[in-house]
Structures are given as structure tokens and as C-alpha cells.
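Enquirer:
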């Protein structure tokens, strides 16, 4: 907010133009970044991992139930709901709009993992078997989070078919044209 006030004071014309452009994101689809009302929900797998749609409700339930500060827990849960409702309503859709809810997601996931580990430790199993099951669970968790096909497709610039490669080549062409 201080930055916004400063730019409106120092650069009022530019600040008004940027504010109008930003508001335009809410009312119309900007630069072909449209989508359905399920756009952000469909991206949860890609942004947060494939287990999130399955564990999000239990994670927030455990988070709220086990939190020593119910008010703070409720605020974080409502933040997530507000962000998803707000950007579902906005006409322009982009993956990064909902990444601000990573903190509540991670905190609630940590509460769920802690709850599961405590329940697991109450089982009458040998320590070696418990550690083996825990390692298997962690390997499954990591492999579900990492979508290797998507990582290869978007995360490499070695192939001309890769999204990243095309972006880099376009940027290179633009910078060369600036001479």
C-alpha cells in the first residue's frame, strides 16, 4: 500500500493507467488469459501437488481442530476461501493469482502430517517397521507432488517442443531487435 500511494503521488498519470489496466483484469479477459470458473481449482494439482484435492478438507479440519489459536486458524482458512472465490469471479485467469494461499496450505498440511505421525506412533509396531512405513509414505508423497511429465515438458529448454525453449527464443529475438 505505501508503494501504491507513493506512485500515485509521484507519477499520477502512469499510476492511473496501471490501476485501470489492473481493474480491467477483473472485468474482462486480458491477453487471452481466460478460463472457466473451475480454472484455479483445476490447477491445484499442478501448483500444490496431486494429493491436495484429496487432503485439503481433512487438512483444514485438523488444522482448525488442533490449533491453539482458533481465530488465527479461521483467518487463514477464510483467506484461502476468499482468494479462490475472488479469482474465480475475476475474468482474467492466471496460475500465479492463487499462489498467495501457499502459506495456509502448507500450515494445514503440516498439521495433518503431525496428526498422522502422532496416530501412527500410537500403533504397537516395531520401530524398524514404523520407520519403513514412514519412508514409504514420504516417497509416495514426494512422487505424487512431482509430476515428472509436466516438469520435463515445462522445465527444460533443451527441446524445441518445450514451452520454456519457445519463450527463451522469443525473448532472444526481442532483445536482438532492440539494437
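In this note's numbering, the protein residues as written are 968 to 1146.
We treat Cβ as the ideally placed atom computed from N, Cα and C, and that holds for glycine.
1) Consult DSSP for residue 1013 and reduce its assignment to one of helix, strand or coil.
2) Is the beta carbon of residue 1059 sitting closer than 8 Å to the one on residue 996?
3) Ends of the alpha helix (DSSP H) at residue 1033?
4) Expressed to the nearest angstrom, what Euclidean distance is found between the alpha-carbon atoms of residue 1044 and residue 1027?
5) Between the stretch 977-991 and the stretch 1030-1043, do three or more beta carbon pairs fall short of 8 Å?
6) Please report the residue range of the alpha helix (DSSP H) in which residue 971 lies.
7) Residue 1081 lies in the alpha helix (DSSP H); which residues open and close that run?
8) Is the CB-CB distance between residue 1050 and residue 1024 below 8 Å?
9) If we ignore side chains and look at the alpha-carbon of each, how far apart do residue 1057 and residue 1012 end up?
10) Residues in the same chain with beta-carbon distance under 6 Å from residue 1006, minus the five sequence neighbours each way, listed in chain order, please.
11) Please report the distance separating the alpha-carbon of residue 1047 from that of residue 1107.
12) Do you know how far the Cα of residue 1080 is from the Cα of residue 972?
13) Identify, in the order they occur along the chain, each residue of the same chain with its Cβ nearer than 7 Å to the Cβ of residue 1084, setting aside the five sequence neighbours on each side.
14) Label residue 1042 either buried or exposed according to how many other C-beta atoms from any shown protein chain fall within 10 Å of its C-beta, with 16 as the threshold for buried.
Expert: Reading from the atomic positions:
1) For the purposes of this step, residue 1013 is identified with residue 46 of the chain shown, where counting begins at 1. Residue state, collapsed to three classes: helix.
2) Numbered from its first residue, the chain shown carries residue 1059 at position 92. Numbered from its first residue, the chain shown carries residue 996 at position 29. Result yes, Cβ atoms of residue 1059 and residue 996 sit closer than 8 Å.
3) Residue 1033 sits at position 66 when you count from the first residue of the chain shown. Run containing residue 1033: 1019-1033, per the alpha helix (DSSP H) assignment.
4) In the chain shown, residue 1044 corresponds to position 77, counting from 1. In the chain shown, residue 1027 corresponds to position 60, counting from 1. C-alpha separation (whole angstroms): 7 Å.
5) no
6) Position 4 of the chain shown holds residue 971. Run containing residue 971: 969-977, per the alpha helix (DSSP H) assignment.
7) Within the chain shown, residue 1081 is the residue found at index 114, counting from 1. Residues 1069-1088.
8) Counted from its first residue, the chain shown places residue 1050 at position 83. Counted from its first residue, the chain shown places residue 1024 at position 57. Cβ atoms of residue 1050 and residue 1024: not closer than 8 Å.
9) By 1-based counting over the chain shown, the position of residue 1057 is 90. By 1-based counting over the chain shown, the position of residue 1012 is 45. About 21 Å.
10) Position 39 of the chain shown, counted from the start, is the residue given in the question as residue 1006. For residue 1006, where only same-chain residues beyond five positions count, the Cβ hits under 6 Å are 1060.
11) Position 80 of the chain shown, counted from the first residue, corresponds to residue 1047. Position 140 of the chain shown, counted from the first residue, corresponds to residue 1107. Roughly 26 Å separates the two Cα atoms.
12) Stepping through the chain shown from its first residue, residue 972 is reached at position 5. Stepping through the chain shown from its first residue, residue 1080 is reached at position 113. If I take the Cα positions, the gap works out to 42 Å.
13) Numbered from its first residue, the chain shown carries residue 1084 at position 117. Around residue 1084: no qualifying Cβ.
14) Here residue 1042 is taken as the residue at index 75 of the chain shown, counted from 1. Its Cβ having fewer than 16 others within 10 Å, residue 1042 is exposed.
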